[in-house]
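These notes are about the structure you will find just below.
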Amino acid sequence: RIDSNIGYRPHLVRLKTKEFATEEGKDYRYIVKFNSNKAGSVLKTKIDENTKLEDYTLVKGSNEIEVDFTANSQSSKIYLEMGALEVGTELEFIKVEIVEKKEINTLEITDITEQTYTGKKIEPDVIIKDDDTVLKLGMDYSLSYANNMNAGSAKVTITGKGNYTGTKTLTFTINPKSIANLGVSEI
Numbered sequence: 062r063i064d065s066n067i068g069y070r071p072h073l074v075r076l077k078t079k080e081f082a083t084e085e086g087k088d089y090r091y092i093v094k095f096n097s098n099k100a101g102s103v104l105k106t107k108i109d110e111n112t113k114l115e116d117y118t119l120v121k122g123s124n125e126i127e128v129d130f131t132a133n134s135q136s137s138k139i140y141l142e143m144g145a146l147e148v149g150t151e152l153e154f155i156k157v158e159i160v161e162k163k164e165i166n167t168l169e170i171t172d173i174t175e176q177t178y179t180g181k182k183i184e185p186d187v188i189i190k191d192d193d194t195v196l197k198l199g200m201d202y203s204l205s206y207a208n209n210m211n212a213g214s215a216k217v218t219i220t221g222k223g224n225y226t227g228t229k230t231l232t233f234t235i236n237p238k239s240i241a242n243l244g245v246s247e248i
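Here this note's numbering = 1-based position in the sequence shown + 61.
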């Protein structure tokens with residue numbers, strides 16, 4: 062978590078955080094939640110003074126910004142700025158936090174059981190836990206499969222998303238379909 066100072070001027074709003082410790086080369090995400098009584102102004106995000114990240118157009122009501130970045134030093138500052146702010150716009154900051162992204166390969170990943178050939182691509186579910194929390198496909202990670210149609214060794218690559226980073230590749234076996242129970246007719 063970060064301590065923040067919020068300053069206000071008629072045509073400039075700047076949320077400026079104090080320095081916080083980061084590890085060079087590690088991935089982080091900062092999250093800002095706030096309410097706005099008007100829409101349309103543009104919020105500019107920067108990490109440190111000169112590294113622009115992304116711009117966001119405010120909506121009336123609840124706003125949430127999540128920005129991913131890789132630290133390039135041992136300490137960082139976050140800047141949120143709004144220029145040409147419409148007169149009468151009020152912002153209520155609810156939450157500002159920094160989350161160090163977790164490496165996907167450090168989490169508990171359930172082994173994939175052996176599969177049986179079906180003639181179609183086989184894409185078994187992958188269960189990933191961060192302590193007691195089960196991660197959500199599409200939100201916390203994505204999956205890509207390779208060599209997953211025929212009997213043999215198949216692969217699935219897990220790629221972290223959101224608060225997770227990195228990749229991990231798992232292998233699983235696709236066994237040939239047994240012909241023991243197939244009926245054979247005479248010719």
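Quick reminder that beta carbons are idealized off the backbone N, C-alpha and C, glycines included. Treat the numbers as computed from the prediction; the structure is a model and nothing was measured.
{"Asked": "Buried versus exposed, by CB contacts within 10 Å (16 or more), threonine 83", "Found": "buried"}
{"Asked": "Ranges of the alpha helix (DSSP H) found wholly within the segment 182-207, counting only runs of at least 4", "Found": "none"}
{"Asked": "Pair within 8 Å by beta-carbon distance, tyrosine 117 and isoleucine 108", "Found": "no"}
{"Asked": "Where threonine 171 sits in the DSSP three-state scheme", "Found": "coil"}
{"Asked": "Assigned exposure category for aspartate 88 - 16 Cβ within 10 Å defines buried", "Found": "buried"}
{"Asked": "Burial state of asparagine 236 (16 or more Cβ within 10 Å)", "Found": "exposed"}
{"Asked": "Cut-off 6 Å between Cβ atoms - residues of its own chain near alanine 100, not counting five sequence neighbours on either side", "Found": "Leu119, Val120, Lys121"}
{"Asked": "Assigned exposure category for isoleucine 219 - 16 Cβ within 10 Å defines buried", "Found": "buried"}
{"Asked": "Of the residues Ile189, Asn209, Gly213, Asn211, the one placed nearest serine 203, counting alpha carbons only", "Found": "Ile189"}
{"Asked": "Bounding residues of the beta strand (DSSP E) (the contiguous stretch that carries lysine 105)", "Found": "103-108"}
{"Asked": "Rounded distance between the beta-carbons of alanine 215 and threonine 232, thought under 8 Å", "Found": "7 Å"}
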